[in-house]
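Structure first, then comments.
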Amino acid sequence: MKIKDLKELLDADVLCCEENLGRHLYSACGCDLMSDVLAYVKDQGALLTGLVNPQVVRTAVMMDLVCIVFVRSKLPTEDIVELAKENGIVVLTTDKRLYEACGILYSNGLGVKATK
Amino acid sequence: MSEPLVFHYDIDGEDFISAGQASIQIKKNLRRIGLSPEVIRRVSIAMYEGEINMVIHAKGGTADVMLYEDRIEIILADKGPGISNIEEAMQEGFSTASDTIRSLGFGAGMGLPNMKRYSDKMTIDTTVGVGTTVTMVINIT
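In the order they appear, the protein sequences are chains A and B.
All residue numbers for the first sequence refer to the working numbering, where the first residue is 369 and numbers rise by one.
All residue numbers for the second sequence refer to the working numbering, where the first residue is 871 and numbers rise by one.
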């Protein structure tokens, strides 16, 4: 699945790095605990979260994630978006809840591949 | 044996929101040097968790990253409260972090376990009331 497919499926708005919507996604995780996100490497993954602070972006940078989706219409502050932009990470926001958003992506084939 | 390349960072312990900046910096530096993405990821995740730990528990500290031909050593040193029971602290899920830290997405008791997970070798030298030094070695293969 490409990031633009995820965007369509979740009816999400793009907050930055629109030029990277063509990048492929092979995995995703839905989580508000950043240390849990950091526990398993995801290959070209997306992070769906309801947590809004700069550590979400730093976690994504450390894990080489390519996309962050803020759920339940949460809007990150400008500095958060700026940090993502500096690192080429696509930031999206959707009005769907975390569970629903994950379910839609999973049922459309975006698998969960956890490898060390 | 040649001298290692050393990167030194002072970790500001005042502000949780800005924690992780040194790890972002080290990631950029290692990319520039051209190490494999896998090694870079392991180093930066291990250091990021360590950095967060120092901010949460020890009001900051120092981080030294030494690049040898065959390995990377990360030494995180703080003058915090020390760890009274290392075995307990190494258990996934054990944490003494505050609710505020938990609400920010950390303090789930995964910091030290994650640091160990991504290192080839990790040693903790700690004295209660004096401070903690964590040394992590990541082999470059």
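For glycine and all other residues, C-beta sits at the position ideal for the given N, C-alpha and C.
Residues that residue i contacts on chain B, provided the C-beta gap is smaller than 9 Å
i: V382/A; result: The premise fails here: V382/A is roughly 23 Å from chain B at the closest Cβ pair, so nothing lies under 9 Å.
Residue closest to residue i, alpha-carbon to alpha-carbon, out of the options
i: E921/B; options: T997/B, N1009/B, G977/B; result: G977/B
i: T1005/B; options: V998/B, I994/B, A959/B; result: I994/B
i: M936/B; options: E962/B, M980/B, P874/B; result: P874/B
i: I436/A; options: D447/A, V449/A, L460/A, E387/A; result: L460/A
i: Y988/B; options: G975/B, I1008/B, T970/B; result: I1008/B
i: G413/A; options: I457/A, E468/A, K464/A; result: I457/A
i: K991/B; options: L982/B, F886/B, F877/B; result: L982/B
i: V1000/B; options: G950/B, I926/B, D969/B, S965/B; result: G950/B
i: N984/B; options: T996/B, Y938/B, Y918/B, P907/B; result: Y918/B
i: R440/A; options: T427/A, T417/A, A428/A; result: T417/A
Which of helix, strand or coil DSSP assigns to residue i
i: T997/B; result: strand
i: F886/B; result: helix
i: K991/B; result: strand
i: M917/B; result: helix
i: K442/A; result: coil
i: K484/A; result: Note on K484/A: pLDDT 38, under 50, position unreliable in the model; the coordinate value appears next. In this structure, K484/A counts as coil in the three-state DSSP scheme.
i: S872/B; result: coil
i: T417/A; result: strand
i: S893/B; result: helix
i: V1007/B; result: strand
i: Y938/B; result: coil
i: A396/A; result: strand
i: V437/A; result: strand
i: Y408/A; result: coil
Contact list for residue i against chain B, beta-carbon separation under 7 Å
i: L443/A; result: None at all; the shortest Cβ gap to chain B is about 17 Å.
Close-in-space but distant-in-sequence residues of the same chain around residue i (CB under 6 Å, 5 per side omitted)
i: L419/A; result: D400
i: G931/B; result: I881, M924, A947, D948
i: A482/A; result: Only weak support is given to the placement of A482/A: the predicted model assigns it a pLDDT of 48, under 50, and the value that follows is read from those uncertain coordinates. If we look at A482/A and ignore the five residues flanking it on each side, its Cβ neighbours are Y408.
i: F964/B; result: E958, G979
i: G916/B; result: Checking the sequence, you will find Ala at residue 916/B rather than Gly. Excluding residues within five positions, the ones whose Cβ falls inside 6 Å are M985, Y988, S989, M1006.
Neighbourhood of residue i by C-beta, 7 Å cutoff - its chain only, sequence neighbours within 5 removed
i: L451/A; result: P422, V425
i: S914/B; result: S893, I896, K897
i: R941/B; result: V1007, I1008, N1009, I1010
i: L377/A; result: I472, L473, N476
i: E957/B; result: none
i: N899/B; result: F877
i: K372/A; result: L389, G390
Neighbour list for residue i in chain A, Cβ cutoff strictly below 8 Å
i: K897/B; result: V429, M430
i: R911/B; result: V409, M430, M431, D432
i: P907/B; result: D432
i: Y918/B; result: L406, R426, T427, M430
Closer than 7 Å at the beta carbon, the chain C residues around residue i
i: S395/A; result: Absent from the structure: chain C. Protein chains present are A and B.
Residue i beta carbon near the ligand NAP (any heavy atom closer than 7 Å)
i: Q961/B; result: By its list of ligands, the structure shown contains no ligand whatsoever, and the ligand NAP lies outside what it can speak to.
Within chain B, partners of residue i - CB distance below 8 Å
i: N421/A; result: I887, L974, G975
i: L415/A; result: The contacting residues do not exist; L415/A stays about 11 Å from chain B at best.
Residues near residue i in its chain [Cβ-Cβ closer than 8 Å; skip 5 each side]
i: D447/A; result: P422
i: K484/A; result: In this prediction, K484/A has a pLDDT of 38, which is less than 50 and means its spatial position is unreliable; nothing more can be read from the coordinates.
Partners in chain A for residue i, counting only beta-carbon separations shorter than 9 Å
i: A978/B; result: L401, M402, S403, D404
Under 7 Å from the C-beta of residue i: neighbouring residues of chain A
i: G981/B; result: S403
i: G890/B; result: Q423, R426
key: Start-end ranges of the beta strand (DSSP E) lying completely within the region 940-965 of chain B, minimum 3 residues   = 941-948
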